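Comments concern the structure below.
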Amino acid sequence: MAVRTILHYPDPRLREETKDVDEVTDEIRALVEDMAETMYAAPGVGLAAPQIGVAKRLFIIDVADEDEPSELRVFINPKIVKTEGTQTWREGCLSFPEVSEDIERAEVVTVQAIDEKGESFELTADGLLAVAIQHENDHLDGKLMIDHVGLLKRRIIHRKMVKRDRDGKNKRSA
Ligand code: NI
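Per numbering that gives the first Met the number 0, residue 0 is the first one in the sequence shown, and the count goes up by one each step.
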C-alpha cells in the first residue's frame, strides 16, 4: 500500500475522460487500497481515481465520524439511477485545498455500482453520503466543485488555485 499524490486543480488530468473498469482484479484491489490510504492520510471523506491520475471509473467514500469505526465504501463503474429533492452542503475537495463552497445537490440518490469483490450492489443514500456520491461521481466525468459555483466565485477560486500552483504549494504530496 502507498499514499499517492493527490492532483490539485488546475491539473488537466482532473478533466480527463475516464474508462469503465473491465474486471475487478487484484490490481484494481491494490489501487483501491492505495486510494483508501491516500484518502485517510489526507484526510478526506471521498476520493476518485482521477484525483490520483488514474482515468478509471472508480471512487471510494467513508463518511463515518472520527469517533466511529471506519466504513469504507467502494464504487466501481457507478451509475446514479435516481435522484430526489435538493440539499445544500458546504463542500470541500482534496483537489482544492483550503477551498469550501455551498453547493446544491440532490437530497437522495440511488446508485448502482460494483464493490471491491466484484459484486453488484444498489444503494440509496441521503445526507452527507448522498453529497459525497454526487461529488465523487462528478470527478469521473471530469466535473469539479468549481463547476457548481457562480462565475464570480469560479474566477476567485481559479485565481487562488493558479497562484498556489505558481507558488509551488500544489507540488507537495498529500
Ligand atoms: Ni473532490
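The beta carbon of each residue, even a glycine, is placed where N, CA and C say it ideally should be. All values reported here derive from a predicted model rather than from experimental measurement.
Reference residue i, options the options, closest by Cα
{"i": "I155", "options": "E100, P49, T109", "result": "E100"}
{"i": "V108", "options": "P96, T87, I132, I102", "result": "I132"}
{"i": "D61", "options": "G117, K55, A54, M34", "result": "M34"}
{"i": "I27", "options": "G167, V73, R163", "result": "V73"}
{"i": "L57", "options": "V148, A63, K78, D125", "result": "K78"}
{"i": "V110", "options": "V98, V80, E97, D125", "result": "V80"}
{"i": "I102", "options": "L127, T123, E121, E115", "result": "L127"}
Per-residue burial, residue i [other beta carbons within 10 Å of its own, 16 or more giving buried]
{"i": "G43", "result": "buried"}
{"i": "M38", "result": "buried"}
{"i": "R3", "result": "buried"}
{"i": "P49", "result": "buried"}
{"i": "L151", "result": "exposed"}
{"i": "G117", "result": "exposed"}
{"i": "R158", "result": "exposed"}
{"i": "A47", "result": "buried"}
{"i": "D21", "result": "exposed"}
{"i": "A40", "result": "exposed"}
7 angstroms Cβ shell around residue i - same chain, five flanking residues per side excluded
{"i": "V113", "result": "In the sequence under discussion, the amino acid at residue 113 is Ile, which differs from the Val named in the question. The answer, listed in chain order, is V23, I75, N76, S119."}
{"i": "R12", "result": "L6, P49, G52"}
{"i": "E83", "result": "A105, E106, V107"}
Own chain, CB closer than 8 angstroms to residue i, minus 5 neighbours either side, in chain order
{"i": "F95", "result": "H7, Y8, L143, M144, I145, I156, M160"}
{"i": "R104", "result": "T85, Q86, T87, W88, A129, V130, Q133, H134"}
Reduced DSSP secondary structure (H/G/I, E/B, other) of residue i
{"i": "L6", "result": "coil"}
{"i": "T17", "result": "coil"}
{"i": "V44", "result": "coil"}
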